[in-house]
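Each remark here refers to the structure printed beneath this line.
There are 2 protein chains.
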Amino acid sequence: MGRPKNFSREEVLEKAMPVFWKHGFADTSLQELERATGVNKSGLYGEFRDKEDLFVACLRHYLESQEKRGFLTREPFGWKNVETFLKNGPLNKGEQQGCFSVNSMREFAILPNEAYEVVAENRALLQRLLAMNIEAEEPKMAPSAIAELVLSFFSGLCIERNLKSGKTSSTRKIENFMAALRSL
Amino acid sequence: MGRPKNFSREEVLEKAMPVFWKHGFADTSLQELERATGVNKSGLYGEFRDKEDLFVACLRHYLESQEKRGFLTREPFGWKNVETFLKNGPLNKGEQQGCFSVNSMREFAILPNEAYEVVAENRALLQRLLAMNIEAEEPKMAPSAIAELVLSFFSGLCIERNLKSGKTSSTRKIENFMAALRSL
DNA sequence: GAGATATTGAACTATTTAGTTCTTTATCAG
DNA sequence: CTGATAAAGAACTAAATAGTTCAATATCTC
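Listed in order, the protein sequences are those of chains A and B. This note's numbering numbers the first residue of the first sequence as 6 and each following residue consecutively. This note's numbering numbers the first residue of the second sequence as 6 and each following residue consecutively.
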């Protein structure tokens with residue numbers, strides 16, 4: 006055996022993610038990634054093929070951690086879960102504003118195909134989970150159609166986090182949206 | 006008098022805009038801007054202070070051209086205008102996907118303050134125009150609250166244009182959303 | 001403790017970046 | 001035609017970029 010490395014893949018992802026989250030792919034330099042992770046280039050390149058590879062790994066890590074929060078899989082299924090998803094999905098802790106996944110959509114033009122696939126797949130999953138919760142409420146409109154509306158509204162909320170605006174106003178907006186949904 | 010320049014500010018903005026629109030600020034190089042506009046660096050720097058200045062000018066130019074389309078000021082005011090706004094606001098011609106303004110929101114962290122102000126001001130305007138149209142329908146919920154919902158949904162539609170998905174599905178989604186609004 | 005081994009850190013490379021400067025060239029007024 | 005003027009083109013600069021290489025170093029097994 007040789008010298009053990011003094012960082013774990015997990016740790017690196019956890020620290021690199023907020024940087025990509027805030028600055029996106031193009032505007033994040035390797036220097037910033039070194040500083041944020043405390044791992045220098047040769048360490049990073051030992052673990053990841055290149056900057057793109059690290060980015061996609063961060064994206065995957067983010068989506069997994071979001072899935073673990075499980076807003077849409079709590080029993081009983083219903084509007085309450087949808088509301089929690091909208092209220093707590095887009096984060097707001099310091100640098101990490103909105104949703105990393107939604108933010109990334111803006112950069113598909115320069116991101117590897119894999120990034121697109123990861124995001125698209127996750128959205129399909131969300132769509133199914135939303136529909137499942139909505140179906141439990143037996144609305145008149147097709148659950149999958151309502152789920153689409155929720156996902157678009159969610160995406161809008163996420164990018165709007167880039168604007169300065171109070172948390173209370175966002176909460177009120179979500180409650181109004183939920184009121185509209187419940188009448189469907 | 007000296008030699009007359011063979012490009013107009015307008016022309017440059019018109020040609021530079023789609024580049025920024027698609028690639029954002031960070032990932033657009035001066036080389037690309039030279040190629041797209043047909044004006045070389047000294048020409049560009051003669052007309053604009055720097056890359057940031059050119060970007061903000063493009064943003065302003067975009068918002069003005071969108072205002073001119075006047076979806077929300079056509080008489081009679083009402084849901085019909087809101088629907089037209091949602092259906093035709095986010096563009097889809099070739100490179101120009103979604104809304105340049107919404108796309109830019111993702112990059113506020115690295116954009117000059119001016120960009121933020123221009124976008125925020127335009128959103129405030131949209132908010133007022135939407136509320137005006139909604140008020141004409143005399144809904145039970147406060148018009149400005151509904152206008153907020155529309156603007157968030159609109160923002161969501163815009164970034165979702167970065168995903169491949171048919172125009173028909175988007176149209177259907179908007180119609181479902183409008184159905185929900187009309188019941189408010 | 002010795003030797004094998006894998007990580008680490010730093011120096012290095014080649015390219016690209018935004019931005020500047022200076023020479024060449026085109027067009028106008030007289 | 002001439003001289004003034006201003007734009008255009010290209011060469012240049014300094015800094016930053018992603019990615020590579022290699023010697024120094026730390027830790028494990030035996």
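Backbone N, C-alpha and C define an ideal beta-carbon position, used for all residues, glycine too.
Discussion item. Tell me the rounded alpha-carbon separation between A62 (chain B) and A129 (chain B).
Written reply: 19 Å
Worksheet item: Does DSSP put N167 (chain B) in a helix, in a strand, or in coil?
Response: coil
Practice prompt. With 8 Å as the limit, tell me which residues of the segment 101 to 119 of chain B have their beta carbon closer than that to any beta carbon of chain A; keep them in chain order.
Written response: Here the close residues are V107, N108, M110, R111, E112, F113, A114 and I115.
Practice prompt. At 7 Å on the CB atoms, spell out the chain A contacts of D55 (chain B), in chain order.
Written response: Per Cβ cutoff of 7 Å: no residues; D55 (chain B) is ~16 Å from chain A at best.
Item to complete: On a CA-only basis, which of A:F159, A:N181, A:S13 and A:A184 is nearest L96 (chain A)? Give me that one, please.
Response: For the residues A:F159, A:N181, A:S13 and A:A184, the minimum Cα distance to L96 (chain A) belongs to A:F159.
Practice prompt. State the Cα-Cα distance for the pair N127 (chain B) and R65 (chain B), rounded to the nearest angstrom.
Written response: 10 Å
Practice prompt. Rounded to whole angstroms, what's the CA-CA distance from Q132 (chain B) to V155 (chain B)? Just pull it up for me.
Written response: 9 Å
Worksheet item: In angstroms, rounded to a whole number, what distance separates the CA positions of E37 (chain B) and F60 (chain A)?
Response: 25 Å
Practice prompt. Would you mind telling me which residues of chain B sit closer than 9 Å to K98 (chain A), beta carbon to beta carbon, in chain order?
Written response: Within chain B, no residue comes near K98 (chain A); the closest Cβ sits about 16 Å away, beyond 9 Å.
Fill in: Closer than 9 Å to chain B by CB, Y50 (chain A)
no
Worksheet item: Listed in chain order, which residues of the segment 71 to 88 of chain B have Cβ atoms closer than 9 Å to some Cβ of chain A?
Response: none
Worksheet item: Buried or exposed: A2 (chain B), going by 16 or more other Cβ atoms within 10 Å of its Cβ?
Response: Here chain B comprises residues numbered 6 to 189, so residue 2 (chain B) is not present and cannot be evaluated.
Worksheet item: In the structure shown, what three-state DSSP assignment does K98 (chain B) receive?
Response: strand
Worksheet item: Would you call N86 (chain A) buried or exposed, if buried means 16 or more other Cβ atoms sit within 10 Å of its Cβ?
Response: N86 (chain A) is buried by the Cβ-count criterion.
Worksheet item: Using a C-beta cutoff of 9 Å, does K178 (chain B) count as contacting chain A?
Response: Yes, K178 (chain B) lies at the interface with chain A (some Cβ there is under 9 Å from its Cβ).
Worksheet item: Between the beta-carbon of M235 (chain A) and the beta-carbon of V124 (chain A), is there less than 9 Å?
Response: This structure gives no information on residue 235 (chain A), because the portion of chain A shown stretches from 6 to 189.
Worksheet item: With which residues is G103 (chain A) paired in a DSSP beta bridge?
Response: A:L96
Practice prompt. Entirely within the segment 45 to 82 of chain A and at least 4 residues each: give me those alpha helix (DSSP H) ranges in chain order.
Written response: 46 to 52 and 56 to 74
Worksheet item: chain B partners of L154 (chain A), CB-CB under 8 Å?
Response: F158, K178, N181, F182 and A185
Worksheet item: chain B partners of D32 (chain A), CB-CB under 7 Å?
Response: A31 and I115
Discussion item. I need the boundaries of the alpha helix (DSSP H) containing M183 (chain A), first residue and last residue.
Written reply: K172 to R187
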